[in-house]
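1 is the number of the first residue of the sequence shown in the UniProt record's numbering; add one for each residue after it.
Using N, Cα and C, we set each Cβ at its ideal position, and we do this for glycine too.
On a predicted model such as this, the values are computed, not experimentally measured, just so you know.
Heads up, the thing below is written out as structure tokens.
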Amino acid sequence: MLWLDLGNTRLKYWLTDDIGQIVAHDAKQHLQSPAELLMGLTDRFERYAPDFIGISSVLGAAINTRVAETLSRLDIPFEFVHVDANHALLSSRYDANQLGVDRWLQMLGAVDKKKRQCVIGCGTAVTIDLIDHAEHLGGYIFPNIYLQREALFSGTKQISISNGTFDSIDQGIHTQDAVHRGILLSIVGAVNEIHRRHPNFELIMTGGDASIIAQHISRPVHLRDNLLLGGLARYFEHRRQPVDE
Ligand SMILES: Nc1ncnc2c1ncn2[C@@H]1O[C@H](COP(=O)(O)OP(=O)(O)O)[C@@H](O)[C@H]1O
Ligand SMILES: CC(C)(COP(=O)(O)O)[C@@H](O)C(=O)NCCC(=O)O
Ligand SMILES: [K+]
């Protein structure tokens with residue numbers, strides 16, 4: 001199988017064998033042209049000859065159409081996942097027409113009907129979603145650390161572009177440190193506050209910036225790199241042979 005995740009910054013793919021083991025995977029910045037990036041990957045995909053392609057995309061109809069055109073040339077059946085707020089494994093109170101399919105699939109990959117869980121996606125946006133025994137209660141969306149920095153640079157006169165690192169939440173004594181530490185604290189502080197409000201929810205983190213954020217959280221965090229892949233696999237597996245759960 002070939003699994004594709006089109007996020008706002010990167011295209012991720014995983015090739016898996018008959019027993020679900022990953023035989024190849026990668027993450028590449030698509031710079032707003034994922035269809036062109038995919039075109040360059042088709043040789044590689046053809047070599048593995050997957051029998052099906054499952055896709056998560058949060059890039060909108062126009063880009064999805066171009067992605068579909070590119071994939072049609074492969075002559076392999078493919079399908080874009082859509083949110084199902086009444087799925088047997090995970091129900092949701094969120095507006096299903098608006099919920100990002102990547103958020104939903106990450107939750108589907110994590111969901112455990114015996115637990116209370118908080119799924120944190122650290123991508124282009126940071127998303128925090130609460131699940132209570134397989135019911136999605138709702139969540140929060142933040143600009144990620146880089147978007148926050150851009151907003152600050154573009155909205156102020158005395159803060160200029162810099163390439164500082166996000167490595168501490170201690171108070172800064174220079175503009176550069178104050179900016180980076182303040183932004184990181186805004187996300188770390190939000191996660192800690194979520195934990196304070198929902199102490200019985202297990203914290204699960206995924207996405208490109210998960211490790212940068214997780215190291216400052218004062219509670220145990222489960223880092224799950226392939227959460228969305230797990231959700232995609234569960235979605236299609238469940239549809240093939242629905243089980244009564
Ligand atoms: N090689 C890389 N290229 C681009 N971004 C990367 C890379 N490695 C880690 N990242 C981080 O990943 C983040 C994007 O996370 P990702 O989960 O790919 O987001 P999205 O699903 O929105 O595309 C970026 O903010 C960046 O900090
Ligand atoms: C919140 C998101 C931007 C996160 O995208 P990502 O950071 O993974 O690229 C995406 O899930 C999205 O566009 N969602 C639609 C809005 C919503 O979930 O309510
Ligand atoms: K993502």
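| Asked | Found |
| --- | --- |
| Member of 217, 102 and 69 whose CA lies at the smallest distance from the CA of residue 84 | 102 |
| CB of residue 226 within 9 Å of CB of residue 206, strictly | yes |
| Neighbourhood of residue 20 by C-beta distance below 7 Å, restricted to the same chain and skipping five residues each side | 233 |
| Proximity of residue 184 and residue 141 at Cβ, strictly below 9 Å | no |
| Proximity test, residue 139 beta-carbon vs ligand 1 heavy atom, cut-off 8 Å | no |
| Closer than 8 Å: residue 121 CB and nearest ligand 2 heavy atom | yes |
| Uninterrupted beta strand (DSSP E) stretches inside the segment 40–73 (no shorter than 3 residues) | 53–57 |
| Beta-ladder partner(s) of residue 126, from DSSP | 122 and 142 |
| Meets three-Cβ-pair contact criterion under 8 Å: the segment 69–80 and the segment 103–118 | no |
| Among 177, 202, 199 and 169, nearest to residue 186 - alpha-carbon criterion | 169 |
| With 16 other Cβ atoms within 10 Å as the buried cut-off, status of residue 127 | buried |
| First and last residue of the uninterrupted alpha helix (DSSP H) at residue 176 | 175–197 |
| Within 9 Å, strictly: CB atoms of residue 59 and residue 8 | yes |
| Euclidean distance between Cα positions of residue 69 and residue 93 | 34 Å |
| Start-to-end residues for the alpha helix (DSSP H) that takes in residue 236 | 227–240 |
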